Amino acid sequence: MATLDRRSVLGLGGAVAAGVLLAPGVSLLAAPAEKTGASADRRWAMLIDTNRCTADCTACLTACRKENNVPLFGEPARDIHWIRKVTIRDKDQRRPTVTLPVLCNQCEHPPCVHVCPTEASFVRKDGIVLVDEHRCIGCRYCMIACPYKARSLVYHETKRTLESNPEVPIRSKGVVEKCTFCVHRLDNGLQPACVDACQKAGKEAMLFGDLNDPNSEIAKRVRTVATKTIRPDLGLKPRVHYQGL
Amino acid sequence: MVSYPSSFVRFLFCVLALTAGLLWTPSGIALADGPPQLELPKGKECVKPTEWMRRNHMDFLKESRELAVREGVRVKSDSLKNCATCHSSREKFCDRCHAYAGVAPNCFECHHYPK
Chain X
73 MATLDRRSVL GLGGAVAAGV LLAPGVSLLA APAEKTGASA DRRWAMLIDT NRCTADCTAC
133 LTACRKENNV PLFGEPARDI HWIRKVTIRD KDQRRPTVTL PVLCNQCEHP PCVHVCPTEA
193 SFVRKDGIVL VDEHRCIGCR YCMIACPYKA RSLVYHETKR TLESNPEVPI RSKGVVEKCT
253 FCVHRLDNGL QPACVDACQK AGKEAMLFGD LNDPNSEIAK RVRTVATKTI RPDLGLKPRV
313 HYQGL
Chain W
96 MVSYPSSFVR FLFCVLALTA GLLWTPSGIA LADGPPQLEL PKGKECVKPT EWMRRNHMDF
156 LKESRELAVR EGVRVKSDSL KNCATCHSSR EKFCDRCHAY AGVAPNCFEC HHYPK
């Protein structure tokens, strides 16, 4: 029977330990293939053509409320809006009046995230700015920080009704919420509800896609057409682009 | 002069009274006590071993929640939707045990438990 002396046993153990530590690509835990999350390769963005958006159409607003269970309390100061229609008039009347939907601009440098004391507001890997409502304490710093008025506090209890969308939770009283770019739909390969509704209404004023994909419709349009973002001077790099503003 | 029963008889009486007190329980309370009767799931196997799930389902759900919200990892088998395929009634399964254990998770104040 072969026996190993003390020295060689120690040496062998050391070699094995070094091998495990140093061997490149060795991982002891294999990640399950099913777990694929938001990818940093994507850069979701929206392009809104204000020439096609008409003042009388509210298809996107209705679709958003329905999809995301956004309640209407009937109090103008406290109502929750994930998306609003804004009318812009030129005081000197040299330029035509335009109406456009304004939603969370999903900034690349979001001030709302910077001020959040609980890290409830965060940027997902694919660039979508979200509120983790489980963590939100309702301090409303983010609402003050946001230059686009995109965030609302839930002032009242809401109830789930038969018309509510079961896919999206309702929110508890005292948390801040905002547009999520319909993140639950994106993760299932669909586009946001407002964009769908705009297309169904025949306006096709809203376009959604991945700016990192050079062959996507939105990347082509942003390359070829003059687009603007709201308040570019703030340097927040919004991901909602406007055409004809 | 009053005659008292002997000390042995008094002892016997005490023992009988105590035993009766131990054996007798009001029928209503006896039914309400004991582990809660949960509705058995429809499926054969849970996503994790039953014993493990009994102790750790709250952490498991929290972990999946965190992954889904913050990382966008939506694992179908770990979703509440998938729970409902076997545990069809929240009232008869989740709520009964939570009431017994005296815990009040607030998941379903906002989230919809599929039916």
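Going down the list, the sequences are from chains X and W.
Residues in the first sequence are numbered consecutively from 73, following the working numbering.
Residues in the second sequence are numbered consecutively from 96, following the working numbering.
Glycine residues also receive a C-beta, built at the ideal position from the N, C-alpha and C atoms.
In this text the structure is predicted, and so the values were computed from the model without any measurement.
CA-to-CA, the gap between Glu180 of chain X and Ile302 of chain X works out to about 13 Å. In the DSSP assignment, Thr159 of chain X falls within the unbroken beta strand (DSSP E) covering Ile155 to Ile160. With a cutoff of 8 Å on beta-carbon distance, Arg212 of chain X and Val248 of chain X are scored as near each other. Ranked by Cα distance from Lys231 of chain X, the first of X:Thr296, X:Asn141 and X:Cys184 is X:Asn141. Between the C-alpha atoms of Asn123 of chain X and Glu204 of chain W there is a straight-line separation of about 42 Å. Taken through DSSP and simplified to helix, strand or coil, Ile120 of chain X comes out as strand. Excluding sequence positions up to five before and after Glu134 of chain W, its CB lies within less than 7 Å of the CB of Ser184, Lys187 and Phe188, all in the same chain and listed in chain order.
It is roughly 51 Å from the alpha-carbon of Val88 of chain X to the alpha-carbon of Pro241 of chain X. Annotated three-state conformation of Glu166 of chain W is helix, per DSSP.
In this structure, Val185 of chain X keeps its C-beta atom at 8 Å or more from the C-beta atom of Val174 of chain X. Using a C-beta cut-off of 8 Å, the region 209-228 of chain X makes contact with the region 296-316 of chain X, since at least three inter-stretch Cβ pairs fall below that distance.
Shown here for Lys176 of chain W: same chain residues with a beta carbon closer than 6 Å to its own, the five before and five after excluded, namely Pro209 in chain order.
Taking a Cβ-Cβ cut-off of 9 Å, Arg185 of chain W has no neighbours in chain X, whose nearest Cβ is about 13 Å from it. Counting along the chain, Val297 of chain X sits inside no beta strand (DSSP E), nor does DSSP assign it H or E at all. Proximity to Leu133 of chain X across X:Cys266, X:Val294, X:Leu279 and X:Ala277 peaks at X:Cys266, based on C-alpha coordinates. Secondary structure note for Tyr195 of chain W: it is in no beta strand (DSSP E), and the uninterrupted alpha helix (DSSP H) holding it is Arg191 to Ala196. For Tyr213 of chain X, there is no enclosing beta strand (DSSP E); the residue is part of the alpha helix (DSSP H) that begins and ends at Tyr213 to Ala217. Judged by their CB atoms, Cys188 of chain X and Cys251 of chain X are not nearer to each other than the 8 Å cut-off. The criterion of a C-beta distance shorter than 8 Å is not satisfied by Cys136 of chain X and Thr171 of chain X. The C-alpha of His152 of chain W lies about 10 Å from the C-alpha of Thr145 of chain W. The distance from the Cβ of Val164 of chain W to that of Asp204 of chain X is about 5 Å, consistent with a contact at the 8 Å cut-off. In the displayed model, Val110 of chain W falls within a helix according to three-state DSSP. In the three-state DSSP reduction, Leu202 of chain X falls in the strand class (E or B).
When 9 Å is used as the limit between beta carbons, His207 of chain W is near these residues of chain X: Arg232, Ser236, Asn237, Pro238, Glu239, Val240, Pro241 and Ile242, in chain order. In this structure, the CA atom of Arg105 of chain W is about 36 Å from the CA atom of Gly129 of chain W. When secondary structure is reduced to three states using DSSP, Pro304 of chain X falls in the helix class. Around the CB of Trp119 of chain W, fewer than 16 other CB atoms lie within 10 Å, so the residue is classed as exposed. Taking CB atoms only, Gly109 of chain X has a neighbour in chain W less than 8 Å away. Annotation: the continuous beta strand (DSSP E) that includes Val174 of chain X extends over Val170 to Leu175.
By the CB criterion at 8 Å, Asp198 of chain X and Ala110 of chain X fall inside the cutoff.
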